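Chemist: Pasting a structure below so you can have a look.
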Amino acid sequence: MVRTPNPRLSLLALNNTSPAKKRPFRKQAHSSVVMSVTFVGLGLNDEKGLTVEGLEEARKADAVFAEFYTNIMPGLDVEKLEFLLGKKIVVLDRAQLEDENGRQILEATGRGKVAFLVPGDPMIATTHVSIMLELARKGIQSRIVHGPSIASAVCGATGLQSYKFGKTVTMPQESGVPGSLVEGMMDNRKRGLHSLVLLDVRSDRSKQLTVGEAAAKLVAADPLFESWLGVGVARVGSRDQFVLAGRLGRLQREDFGKIP
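Written out as structure tokens, the structure reads:
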């Protein structure tokens, strides 16, 4: 009769050892505080652009922060937004986010979950990307709740196809037009692509750059722009959004109403 070797005994013999004694299980001590930040996109116009998921995340948060300097939401009322969330919102300015690297947000994660409300879609602004990277370096979890963005809404507002857009450029508030902006638009045109020109926003909410003024700056930078066909859009996502197509030479004289 052939005996089948016990695999466990064979393994023990091979290792020339005996079974280890079981040690009592000990629970590892850990903090009950969940350190996380959820970036929530608010959309384009007012608090109604907030998605259901974004609303739920903000309501569950222990602290809620917001910024409104990277874009202007013309119909937004912070008090209405606070009433909707049932929470107080701490509004941060450019210096607190960029110069201090979002210090207040980072500190708040030590006390629980944080929601950070931003205009449009969260990762369109490079400032928000920098904060997310800083969170990752510190081992703090983060996630994104996307919201409507001008980058996608402009296609619906103008009828232009999204895959026909080239490099996006930003028109600064200061006088003059950067050479890189002109080169970017010229390169897009050579490749048969549209250019999305975003208008920079003044953080102090003083006089803002208008579509007509941006068109005039382009024409002044290079006369070739005067004959270019453009579509100016203002207040996209609101009930009084304004869309007008024409040569830049004409658009520079048009009144698009209140910003943005």
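Take -2 as the starting number for the sequence shown in this note's numbering and just add one per residue.
For each residue, glycine too, the CB sits at the ideal point set by N, CA and C.
On a predicted model such as this, the values are computed, not experimentally measured, just so you know.
Report the rounded CA-to-CA distance for Glu44 versus Val87, giving the unit in angstroms.
Modeler: Looking up residue 44 in the sequence shown gives position 47. Looking up residue 87 in the sequence shown gives position 90. Going from the Cα of Glu44 to the Cα of Val87 covers about 16 angstroms.
Chemist: Mind checking whether Ser192 and Met182 have CB atoms under 7 angstroms apart?
Modeler: By 1-based counting over the sequence shown, the position of residue 192 is 195. By 1-based counting over the sequence shown, the position of residue 182 is 185. Taking 7 angstroms as the Cβ cut-off, Ser192 and Met182 qualify as a contacting pair.
Chemist: Applying the criterion that 16 or more other CB atoms from any shown protein chain within 10 Å of the CB defines a buried residue, is Gly46 buried or exposed?
Modeler: Residue 46 sits at position 49 when you count from the first residue of the sequence shown. By the neighbour-count rule (16 or more Cβ atoms within 10 Å), Gly46 is buried.
Chemist: Output the boundary residues of the beta strand (DSSP E) element that contains Leu52.
Modeler: Taking the sequence shown and counting its residues from 1, the one referred to as residue 52 is at position 55. Segment Val49 to Lys57 is the alpha helix (DSSP H) holding Leu52; no beta strand (DSSP E) there.
Chemist: So what's Ala92 in DSSP terms, helix, strand or just coil?
Modeler: Within the sequence shown, the letter at position 95 stands for residue 92. Ala92: helix per DSSP, three-state reduction.
Chemist: In the DSSP assignment, the alpha helix (DSSP H) including Gly153 goes from what residue to what residue?
Modeler: Within the sequence shown, numbered from 1, the residue matching residue 153 stands at position 156. Per DSSP, Gly153 belongs to the alpha helix (DSSP H) from Ile147 to Thr155.
Chemist: Is Asn12 helix, strand or coil by DSSP?
Modeler: Counted from its first residue, the sequence shown places residue 12 at position 15. Bear in mind that a pLDDT of 45 at Asn12, under 50, signals an unreliable position, so the number given afterwards is only what the model happens to contain. Correct three-state label for Asn12: helix.
Chemist: Name the one or two DSSP bridge partners that Leu114 has.
Modeler: The residue labelled residue 114 in the question sits at position 117 within the sequence shown. Looking at the DSSP assignment, Leu114 forms a beta bridge with Val37 and Ala63.
Chemist: Once DSSP output is grouped into helix, strand and coil, what is the label at Thr124?
Modeler: Indexing the sequence shown from 1 puts residue 124 at position 127. Thr124 falls in the helix class under three-state DSSP.
Chemist: From the DSSP output, read off the bridge partner residues of Phe162.
Modeler: For the purposes of this step, residue 162 is identified with residue 165 of the sequence shown, where counting begins at 1. Answer is His191, bridged to Phe162.
Chemist: Would you tell me roughly how many angstroms separate the C-alpha atoms of Leu157 and Ala105, rounded to the nearest one?
Modeler: In the sequence shown, residue 157 corresponds to position 160, counting from 1. In the sequence shown, residue 105 corresponds to position 108, counting from 1. Each residue's alpha carbon lies about 42 angstroms from the other.
Chemist: Which two residues bound the contiguous beta strand (DSSP E) that contains Gly264?
Modeler: Only positions -2 to 257 of the chain appear in the structure, and residue 264 is not among them; the question remains open.
Chemist: Which of the three DSSP states is assigned to Val228 in this structure?
Modeler: Walking along the sequence shown from the start, residue 228 turns up at place 231. Strand.
Chemist: From which residue to which residue does the alpha helix (DSSP H) around Phe80 run?
Modeler: The residue given as residue 80 occupies position 83 in the sequence shown. From DSSP, the alpha helix (DSSP H) with Phe80 extends over Val75 to Leu82.
Chemist: As a quick exercise: from Gly144, Glu79 and Pro71, pick the residue whose alpha carbon is nearest that of Val61.
Modeler: For the purposes of this step, residue 61 is taken as residue 64 along the sequence shown, with counting starting at 1. For Val61, the nearest C-alpha among the options comes from Glu79.
Chemist: Can you say whether Ala58 is buried or exposed, counting buried as having 16 or more other CB atoms within 10 angstroms of its CB?
Modeler: Here residue 58 refers to the residue found at position 61 of the sequence shown. Classification of Ala58: buried, given that the 10 Å Cβ count is 16 or more.
Chemist: Which of helix, strand or coil does DSSP assign to Val179?
Modeler: Taking the sequence shown and counting its residues from 1, one reaches residue 179 at position 182. The answer is helix: DSSP assigns Val179 an H, G or I state.
Chemist: Return the chain-ordered list of same chain residues with a C-beta closer than 8 angstroms to the C-beta of Gly145, the five sequence neighbours on each side being excluded.
Modeler: Within the sequence shown, numbered from 1, the residue matching residue 145 stands at position 148. It is worth fixing the name first, because residue 145 is Pro in this sequence and not Gly. Only Gly38, Gly40, Leu41, Gly46, Gly117, Asp118 and Gly234 meet the Cβ criterion.
Chemist: For Val216, does the three-state DSSP call read helix, strand or coil?
Modeler: To locate residue 216, count along the sequence shown from 1; it is residue 219. In this structure, Val216 counts as helix in the three-state DSSP scheme.
Chemist: Determine the burial state of Gln249: buried for a count of at least 16 other Cβ atoms within 10 Å of its Cβ, exposed for fewer.
Modeler: Residue mapping note: residue 249 aligns to position 252 of the sequence shown, counting from 1. When all chains shown are included, Gln249 counts as buried.
Chemist: So, is Pro220 buried or exposed, given that buried needs 16 or more other C-beta atoms within 10 angstroms?
Modeler: By 1-based counting over the sequence shown, the position of residue 220 is 223. Per the 10 Å Cβ criterion, exposed.
Chemist: Taking a contact to mean a Cβ-Cβ separation below 7 angstroms, would you say Leu82 touches Ala55 in this structure?
Modeler: Here residue 82 is taken as the residue at index 85 of the sequence shown, counted from 1. Here residue 55 is taken as the residue at index 58 of the sequence shown, counted from 1. Yes; because the gap between Cβ atoms is below 7 angstroms, this pair is in contact.
Chemist: Are the beta-carbon atoms belonging to Leu132 and Ala63 less than 7 angstroms from one another?
Modeler: Residue 132 sits at position 135 when you count from the first residue of the sequence shown. Residue 63 sits at position 66 when you count from the first residue of the sequence shown. Going by C-beta atoms, Leu132 is not nearer than 7 angstroms to Ala63.
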